[in-house]
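**Student:**
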Amino acid sequence: MSSRFRVRLALFGAGALTLGACDREEHHSRAKPVGETVPGGESPDTIFPGTSSAPPLDARAKLYDNNANAIAMGQTLYTQMNCVGCHSHGGGGMGPPLMDDEWRYGGRIDQIATTIAEGRPNGMPAWRGKLTEHQIWDLAAYVRSLSGLPSKDAVSSRTESMSTGTPQTLTPHGDIKNSDTAQQ
Amino acid sequence: MTDVRADTFDAMPTRESERERVEAENRRLAEERKRIARDGPKLKGAKLAARLDAAWNRPPGIIGWLATVDHKEIGRRYILTALGFLVLGGIMALIMRLQLAKPDNGMIGAERYNQLFSMHGSTMMFLFAVPVMEGVAVYMIPLMLGTRSTAFPRLNAFSYFMYLFGGLMLWIAFVLNMAPDVGWFEYTPLSGPQYSPGKHTDIWAQMVTYTEVAALAAAVVLVCTILKARAPGMTLARMPLFAWAMLVVGIMIIFAMPAVALVTTVLLIPDRLVGTQFFNAAEGGDALLFQHMFWFFGHPEVYIIFLPATGFVSVIVETFCRRPVFAHPVVVLALISTGILSFGLWVHHMFATGLPRVGYSFFTAASMSVSIPTGLQIFCWLATMWDGKPRFQVPMLYVVGFIVTFVIGGLTGVILASVPLDLQLHDTYFVVAHFHYVLIGGAVFPLLGIFTYWYPKITGRMMSETLGKIGFWLVFLGFHTTFLPMHWSGMLGMPRRVYTYPAGLGLELPNLISTIGSFVLAFGVVLFVVNGVLSLYRGVIAGPNPWGAASLEWATSSPPPVYNFEHIPIVESSTPLWDLDGELPVATGLRVDQKEMLLTTVVAAAPDLREPVPQASLWPFIAACAVGLVFAASIFSAWAVPFGLIPCGIALIAWFWPKDMQRKPEPEIS
Amino acid sequence: MSGRRYARAALLPLLLGACSYQHYQSDFGAAATEDRQFLTLFWIFMAVCGVMYALVIAFLIAGLAHRRTEAEANVVETGRHHRSHPLMRTTLIGWTALIGVGLAALAIASFFADRSMAEAATNEKLSITLTGNQWWWDIVYNSNDASKTMRTANELHLPVGVPTRILLNSADVIHSLWIPSLGGKQDLIPGRQNDITFVPQKIGIFRGQCAEFCGTQHAHMALVVVVQSYPDFIKWWDHQLQPAVAPRTPLQLAGYQYVTNGPCSACHNIGGTPASGTVAPDLTHLASRKSLAASTMPMSEGNLYGWVEDPQSLKPGVKMPTIGLEPDKLHAVVAYLETLK
Amino acid sequence: MILGPRFTDDLADLPTSKFGPSSLTWWGIIGYMVIEGVGFALAFAVYFFLMGHEQGWPPEGRLPPDLLAGTIFTIVILLSEIPNTMIKKAARAGDVPTIRLLMPVMVAVGVALLVIRGFEFNSLNCLWSDNAYASIIWTLLVLHAAHLGTDWADTVVLWALMATPLGYEPRRLVDTDENSLYWRYVWLLWIPIYLMIYWVPRL
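Residue numbers (numbering that gives the first Met the number 0), protein chains in the order written: chain H, 0 to 183; chain F, 0 to 669; chain W, 0 to 340; chain G, 0 to 202.
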């Protein structure tokens, strides 16, 4: 009599937790190619200000976007590769700020990965060849998290270093504005 | 003490009309009080049993199952759930042993292994060891004390559900690949936001919170029961040693567990969730703060597990040597001083952290001195055996196994208390061996003994003696084969928590022996479980007192009726059933139409109050669900706390709000 | 006679276990003053504890085995169960005193051992800074002469007989340095500085390991410790100060170009080349070391191939990414790395 | 064989409720007070542990919290002991009308305190994520707010219960007595917290 109820209770609990688990905790120790192996190249490279005909999202996005391990790894690389030097902790400096919701070259993770891999005019170096594809996507996932794009349960609240303002878990959820003011 | 019985209301300064109305009501209630049925020479035997059954039985069905406040039912659930977790934790251990059977083994990867040992430790400490002791106590303490219920039975029910939900959350997370993987100790900064991304660490931290809420509730229930609900005449000096042990343990829980609840829920989770800086060295925090707080709880925790087991040993030794334990006051003092000393030892888990050396000497001395009370207790048991004529039945075998094993664990503990020795041995397999000797030898052996001992009381049937003896030898030999070589592998340079080790360090043989032993041990435990299940159907019918024991739980039938005792027994010595002349002196006058228990004074156990016992209620379960939901949701968002508190508040108010707004001649809790 | 032979046969595997290796990583290594003091103290403790254990077991056996008369057994029936043997109270006091004396002796022995170790730590002649990383050791040999300060990784060289102080830091989580054959352990804690001192006494090669759980690859965070004579040590130090050798063959040159400009250089440093990363082990004299990847595997050509090609399968979770090098690049990289003696 | 009873004592005339340590709930409340007390004591220990690690307290370049809100809070909570004592005395005397009169006062005081507490958070001059100092003073204040809020809710429920006919049940008077005891604990714990948040940083 009661056992059926217990089973139902357990199923309910399991269901509730599954919703939270998703791909957030998935740990990839190396890049798992989906489709092509090298990021960027031609397709998602185009800048599409504002607008209409965005190419479909790269299938790798779901391995990295909202993935806690990728974001954390990206965070480490962000410091180690001295991204801080130009972009500060997202606030910007020599390079553009990454915390706002303005994206000159697109705010989708595959677009950010392309930006990192290929570099951009006015100082952003190309990291392809210096970092692996896996690392570039990790970095892209982290950069996206700076403006509060991924879900809050995938980002880390802070690092073990000097405080840099609002904890990331509390940054307001941003939207993507593709700025068409990409400077020449 | 001011007595506020209904008749004192005459003196109340109230408005005239109101006053008259209240007075009239008081008179009517006083009349009704005279008509309440009570047990006594005129109402006894089968007629009384039928009336008490009607008043005490819970409603049938699922609702009744969830609503029960019977300490025996809750205690049984506690024990069975904890045993379930023991089996799960044991399976984790066997998988780890297989992985370590040979060097450079590739059976299990690093990540999975790290989850396994984290789950093994967390399950055994939080979901097995402490809850099983509480479960046994929740079942047995009211029977040993000669009372009808625990104090706050609804809180007791709430405590069980909190514990269950905490365990479920951890294990569901494990199935979903979200298991914690940074150990049962979760040191920062490894468990902090940067190095443990994702939610698995939070799941561990919240599981701890659930089980601490449960343990604290159970501790309050037990302490209040032991202090206030003893049978008349059972002074503190005559109280059974197991009750003494649980009193000390309850108080220890009350002082120790807030530390771990604080360090996980108030410091670690905010660090991870909202970015507080408690453990961030760059912003004035300190990683060692976590260790201090954790071990301030963690060391007493060991004694919280061990002291109930000493209570078991005292119980078994008394019955099987047919003597009260030698020097009862010495044992009580030993229990109390162990409890106090255990709060002064936590730094011996941190000798390698580079704290000032002068402080270390103090903690060395304190850690060593805890072996004095323990040594005294062991002496008292041995002296009792010397004085009496031990009967070698299964429970007594486990006691002998306990002494042979635990003393080794105690002595390696003395070795580890020395700073220069600990610096070599800390975090090696030597320590793994040490605390398994203490926890399995010191707590699980007596636990298996006491299961065998109390099994007939709980089920009405005896466990098989033959299977029990085979099981004992398998457990005993399997245990030593597993853990004795670990001293050796630790000395040979094997650190803890490694998922593999290289060949050529001499670690191959001790590890292989350990692995073989672990399966023998597991087989012994399986045999014990099989014995338990088979004996449910095939065991010899036990009768009320199969072992010829002296304490009150044996004065009622096996299994006991839902109300425990038809009349409240009166106690005149520390071994009441051995000092009778054929009849049990009883006190009468408790009502039989409603649940009621007797409260006595704290020291002398003189009758003090008649206390209504709450009826079965779903609200503790609903409250546990609400609180559990807040805990689970707060892993993901801090907003869960303010919003989640609303349903919690509603459930708690409904729990306490009287369901019947009419005044009653005597208080009832509906 | 044959019984004894069987006993010996049973002991054999244990003895083999104890003798068939060189105490490479063992408390019994006795390769430094600290471990020798540990062993002395350990055996004192074992002796005292052994005596205490023997007493308990003797009392247990005596209590269980000694004969009782019928009257002694049926105490409950005759109502005499509240009485105990008159000698027990005296014995209880004696037992308490014995425990007290034993513990006091051990505490004092422990205290003095601790003192003498602490004193040894005060006259250091060599200072090394060790920084723990997930999951490797960054090692800096300090010198007052800045040009003599030298960085290496995962292999510690110590001169025999010289008191050496190792300063312990962490770059990420808590680690613990444990070289059993030399003595004790000490934690590496972010935001704090600890230290540990050894006076090595035995020339040889030993192994140390991280003893505080530090994440996924905690099991593979080890280091090789080479205790050598002072002249050898100085020779080694001087050699380590040299920049990396230049590539000689075209294959090596191709490897050089890839390593110093490609992904390796983002993290690794190779002295005298453009590769100047600081987040991974220094590779300047990689091939002179005895092991690879924090002592995960011995240094060999085969292991180098495996490691460079796919570190994630050899040490899953390690921070070094699997790049997926094409075979020709792999040959070149390994050929170059092998020259880094 | 179950032992036969020998009837020696009849307890039918025992009372069913008493004030103070005879009451079971009194022990339960003491138990939970100790648990909370240990929690707060450890939080205080954390505070001083972190303080020992910092050069300045508050750390360099930060202002200590503004005094106004916290001091008003302290004065109000200390004054609330007057109606609280009156309620406790009335409970012991069985004076239900007085209790019914004063409970709303306590509820109103609770509301006022919770509102002032809101201003207190605003006057800390830091955000919890700034540094360890900020984290611990926020935590202390949040913990005490939770303590206060819990007892306030408890008081509201008791007020509602005392307004029903059940207010005349002797056990409800014991509840009232124990609720007043708990309120004393709430303000007693506040005093060290007040000093630690507002005055220790000014030393």
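Built from N, CA and C at the ideal position, the CB exists for glycine as well.
The structure displayed is predicted, hence computed values, not measured ones.
1) Can you check the region 263-334 of chain W for any alpha helix (DSSP H) of at least 4 residues that lies completely inside it and give the ranges in chain order?
2) Nearest-angstrom Cα distance between residue 49(F) and residue 198(F)?
3) Buried or exposed: residue 642(F), going by 16 or more other Cβ atoms within 10 Å of its Cβ?
4) As an exercise, report each continuous alpha helix (DSSP H) stretch of at least 4 residues that is fully enclosed by the region 62-126 of chain F, in chain order.
5) Looking only at its chain, what residues have a beta carbon closer than 6 Å to the beta carbon of residue 45(H), apart from the 5 residues adjacent to it on each side?
6) Using only alpha-carbon positions, find the residue among 401(F), 101(F), 407(F) and 25(F) that is nearest to residue 442(F).
7) Specify, as a first and last residue, the run of the alpha helix (DSSP H) that residue 184(G) falls within.
8) Taking residue 294(W) and residue 221(W) to be in contact with their CB atoms under 8 Å, please state how far apart those CB atoms are, rounded to whole angstroms.
9) Skipping 5 residues on each side, what residues in its chain have a beta carbon closer than 7 Å to that of residue 127(F)?
10) Cβ atoms of residue 436(F) and residue 407(F): under 8 Å apart, would you say?
11) Where does residue 536(F) land, buried or exposed, given buried means 16+ other C-beta within 10 angstroms?
12) Going by alpha carbons, who is nearest to residue 349(F) out of 38(F), 43(F), 67(F) and 295(F)?
13) With distances taken from CA atoms, which of 261(F), 102(F), 174(F) and 306(F) is nearest residue 24(H)?
14) For residue 159(H), decide whether its Cβ has a neighbour in chain W, counting only Cβ atoms nearer than 8 Å.
15) If you check the beta carbons only, do residue 140(F) and residue 224(F) fall under 8 Å apart?
16) Please determine, among 538(F), 411(F) and 418(F), the residue with the shortest C-alpha to C-alpha distance to residue 433(F).
17) Counting only Cβ pairs nearer than 9 Å, list the residues of chain W close to residue 86(H).
18) Here's the rule I'm using: 16 or more other beta-carbon atoms within 10 Å means buried, otherwise exposed. How should residue 147(G) be labelled?
19) Is the beta carbon of residue 278(W) sitting closer than 8 Å to the one on residue 213(W)?
20) If I'm right that residue 311(F) touches residue 445(F) with Cβ under 8 Å, what's the distance once you round it to whole angstroms?
21) Identify the contact partners of residue 8(G) in chain H, using a Cβ-Cβ distance below 8 Å as the criterion.
22) Who are the neighbours of residue 144(H) on chain G, taking C-beta pairs under 9 Å?
23) Under 7 Å Cβ to Cβ from residue 650(F), same chain only, skipping five residues before and after it: list those, please.
24) Give me the Cα-Cα distance between residue 32(F) and residue 3(G), rounded to the nearest whole angstrom.
25) List the residues of chain G whose Cβ lies closer than 8 Å to the Cβ of residue 162(H), in chain order.
26) Name the residues in the region 41-57 of chain G whose C-beta lies less than 8 Å from a C-beta of chain F; which are they?
27) Apart from the five residues on each side of it in sequence, which residues of its chain come closer than 7 Å, Cβ to Cβ, to residue 600(F)?
28) Take the Cβ of residue 93(H) as the centre, count every other Cβ of all protein chains shown within 10 Å, and call the residue buried at 16 or more, exposed below.
29) For the region 310-338 of chain W, list every residue whose C-beta sits within 7 Å of some C-beta in chain H, in sequence order.
30) Output needed for residue 652(F): all residues of its chain with C-beta closer than 7 Å, excluding positions within five of it in sequence on either side, in chain order.
31) Determine the extent of the beta strand (DSSP E) in which residue 154(W) is found, giving its start and end residues.
32) Let me make sure I understand the geometry here. Which of 250(W), 58(W), 237(W) and 193(W) has the alpha-carbon closest to that of residue 94(W)?
33) Going by Cα to Cα distance, which pick from 40(F), 155(F) and 102(F) is closest to residue 616(F)?
34) Whose C-alpha, out of 126(W), 55(W) and 60(W), is nearest the C-alpha of residue 91(W)?
35) Measuring alpha carbon to alpha carbon, tell me which residue in 188(W), 88(W), 174(W) and 82(W) is nearest residue 211(W).
36) Beta strand (DSSP E) containing residue 51(G): first to last residue?
**Tutor:** Once the coordinates are examined:
1) Every alpha helix (DSSP H) of 4 residues or more that sits fully in the region 263-334 of chain W is shown, in chain order, as 300-308 and 310-313.
2) So the alpha carbons of these two residues sit roughly 53 Å apart.
3) Here residue 642(F) is exposed: its Cβ has fewer than 16 other Cβ atoms, across all protein chains shown, within 10 Å.
4) Taking only runs of at least 4 residues, the alpha helix (DSSP H) segments lying wholly in the region 62-126 of chain F are 70-98 and 109-121.
5) Reliability fails at residue 45(H), whose pLDDT of 46 lies under 50, so the model's placement of it is uncertain and no value is given.
6) The candidate whose alpha carbon is nearest that of residue 442(F) is 401(F).
7) That run of the alpha helix (DSSP H) goes 169-193.
8) That pair is a contact at about 4 Å.
9) Excluding positions up to five away in sequence, the list reads 81, 84, 85 and 88.
10) In contact: residue 407(F) and residue 436(F) (Cβ atoms closer than 8 Å).
11) Residue 536(F) is exposed by the Cβ-count criterion.
12) Per the C-alpha coordinates, the member of 38(F), 43(F), 67(F) and 295(F) positioned closest to residue 349(F) is 295(F).
13) Considering only alpha carbons, the answer is 174(F).
14) Closer than 8 Å to some Cβ of chain W, the Cβ of residue 159(H) qualifies, so yes.
15) Contact flag set, yes.
16) Here the closest residue by C-alpha is 411(F).
17) The contacting residues do not exist; residue 86(H) stays about 17 Å from chain W at best.
18) Residue environment: residue 147(G) is assigned as buried (16 or more neighbouring CB atoms within 10 Å of its CB, all protein chains considered).
19) For residue 278(W) and residue 213(W), no; Cβs fall outside 8 Å.
20) The pair is a contact, with the Cβ atoms about 4 Å apart (cut-off 8 Å).
21) Within 8 Å of the CB of residue 8(G), no CB atom of chain H is found; the nearest one sits about 41 Å away.
22) Per Cβ cutoff of 9 Å: no residues; residue 144(H) is ~16 Å from chain G at best.
23) Hits under 7 Å: 618, 621, 622 and 625.
24) Take the alpha-carbon of residue 32(F) and the one of residue 3(G): they are about 29 Å apart.
25) Within 8 Å Cβ-Cβ: 128, 129 and 130.
26) Answer set for the region 41-57 of chain G: 41, 42, 45, 48, 49, 52 and 53.
27) Apart from the 5 residues on each side of it in sequence, residue 600(F) sits with its Cβ closer than 7 Å to the Cβ of 607 in its chain, given in chain order.
28) It is exposed - the Cβ of residue 93(H) has fewer than 16 other Cβ atoms within 10 Å.
29) Residues of the region 310-338 of chain W that bring their beta carbon within less than 7 Å of a beta carbon in chain H comprise 311, 315, 316, 320, 321 and 322, in sequence order.
30) Here residue 652(F) has no same chain residue with a Cβ atom under 7 Å from its own Cβ, once five neighbours each way along the sequence are excluded.
31) Taken as a continuous stretch (DSSP letters only), the beta strand (DSSP E) holding residue 154(W) covers 154-158.
32) The residue among 250(W), 58(W), 237(W) and 193(W) with its C-alpha nearest the C-alpha of residue 94(W) is 58(W).
33) Minimum Cα distance to residue 616(F) is reached at 155(F).
34) It is 55(W).
35) Ranking the options by Cα distance to residue 211(W), first place goes to 174(W).
36) No beta strand (DSSP E) holds residue 51(G); the alpha helix (DSSP H) holding it covers 23-52.
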